[in-house]
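J.: Pasting a structure here, questions to come.
In UniProt numbering, the protein residues as written are 1 to 274.
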């Protein structure tokens, strides 16, 4: 199991190949039945490595055969079916799904729009208007537009018009954008410096939750919930602009404050992670 973790695609190819060789040698002969203990995640790593070395291909086939003959319950680990790759654009920094298309943002500032089905991904549009990395996406409240935020200190609003993706509006800001949420005709922004801004319908910017370092946010049920660096959670009622603290920061010399890295609202529950 300790060696199998080095098969993960996120590691260097040399480490993955060495792990594959070790497992192949270990499983030769009677040891092959021990492959049944591999998780679906390990089998998926072998599948992705199978185009590099025949050993990974044989191991993947063996684990698939053994698993199909066993009575083990199938876990919830899903198998990758498609991998989209475009060289020259850098790493993928943001994703969003809109009107049947997958939007992907890249570190070079480009946005690519894909048509994805069960077995095939087709690149439809390659848009290069942001000058720096695309850091985030959000949907308008009506669902008609996609908003993109960037390190180039702009927000762009995109619409699909007559079969083409068009930039409907460019909003300039004073800070690089880390995250954004659209609510009604307003846009809420977390900047690179962990400040929170509100852009009204006239695109006039004002600071909210002053004095707080903001890490995450989510819009739901007429409110904005904000996770902060000091481990507190804040609430903003959008219509009245009333701010309220719903979870105080941890105050103890023994416990280091942990930022609220993510917040999520589902039904009547608010979830947070640190």
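For every residue, glycine included, the Cβ atom is placed at its ideal position computed from N, Cα and C. Since the model is a prediction, treat every value here as computed from it, not as a measurement.
Hey, how far is the Cα of residue 267 from the Cα of residue 220?
T.: Going by the C-alpha atoms only, they are around 10 Å apart.
J.: Using the Cα positions of residue 212 and residue 230, report the straight-line distance between them to the nearest angstrom.
T.: Answer to the nearest angstrom: the Cα atoms are 8 Å apart.
J.: Can the beta-carbon of residue 208 be found closer than 8 Å to that of residue 199?
T.: The answer is no: Cβ separation not under 8 Å.
J.: Relative to the alpha-carbon of residue 257, which residue among 274, 135, 241 and 130 has its alpha-carbon at the smallest distance?
T.: Among 274, 135, 241 and 130, the Cα nearest to that of residue 257 is on 274.
J.: Using the three-state DSSP reduction, which class does residue 27 fall into: helix, strand or coil?
T.: Here residue 27 sits in helix by DSSP.
J.: Using the C-alpha atoms, what's the distance from residue 110 back to residue 89?
T.: Between residue 89 and residue 110, the C-alpha separation is close to 7 Å.
J.: Check whether the Cβ atoms of residue 272 and residue 233 lie closer than 8 Å to each other.
T.: In this structure, residue 233 lies closer than 8 Å to residue 272 by Cβ.
J.: Fully enclosed by the UniProt repeat "WD" (127-160), which alpha helix (DSSP H) runs are 4 residues long or longer?
T.: The qualifying runs do not exist here; there are none.
J.: Which residues does DSSP pair with residue 115 in a beta bridge?
T.: DSSP, once it has assigned bridges, lists 101 and 122 as partnering residue 115.
J.: Below 7 Å, is the gap between the Cβ of residue 212 and the nearest heavy atom of the ligand ADP?
T.: In terms of ligand content, the structure shown is empty, and the ligand ADP therefore cannot be addressed.
J.: Which one or two residues does DSSP pair with residue 244 in a beta bridge?
T.: For residue 244, which the question treats as bridged, DSSP gives the partners 235.
J.: Between residue 205 and residue 171, what straight-line distance do the alpha-carbon atoms span, to the nearest angstrom?
T.: Each residue's Cα considered, the two are about 11 Å apart.
J.: Within the same chain, show all residues whose beta-carbon is closer than 6 Å to that of residue 201, passing over the 5 residues directly before and after it, in chain order.
T.: Result list for residue 201: 185, in chain order.
J.: Taking residue 260 as the reference, which of 242, 218, 236 and 222 has the closest Cα?
T.: When each option's Cα is compared against that of residue 260, the closest is 218.
J.: Per DSSP, which residues does residue 219 bridge with? Please list them.
T.: Residue 219 pairs with 224.
J.: So if DSSP puts residue 191 in a beta bridge, which residue, or which two residues, is it bridged to?
T.: Residue 191 pairs with 177.
J.: Using only alpha-carbon positions, find the residue among 176, 60, 225 and 242 that is nearest to residue 42.
T.: Residue 42 has its Cα closest to that of 60, out of 176, 60, 225 and 242.
J.: With DSSP collapsed to three states, give me the class of residue 204.
T.: Reduced to three states, the DSSP call for residue 204 is coil.
J.: If I follow the unbroken alpha helix (DSSP H) through residue 42, where does it start and stop?
T.: Its alpha helix (DSSP H) spans residues 40-49.
J.: In the DSSP assignment, what are the bridge partners of residue 269?
T.: DSSP, once it has assigned bridges, lists 266 as partnering residue 269.
J.: Is the CB-CB distance between residue 134 and residue 106 below 8 Å?
T.: Against a cut-off of 8 Å, the Cβ pair of residue 106 and residue 134 comes out as a contact.
J.: Helix, strand or coil for residue 229, going by three-state DSSP, please let me know.
T.: Correct three-state label for residue 229: coil.
J.: Could you check what DSSP says for residue 15 in three-state terms: helix, strand or coil?
T.: Three-state DSSP puts residue 15 in a helix.
J.: Going by beta carbon distance, what residues of the same chain come within less than 7 Å of residue 140, once the five residues before and after it are set aside?
T.: Correct list, in chain order: 147 and 182.
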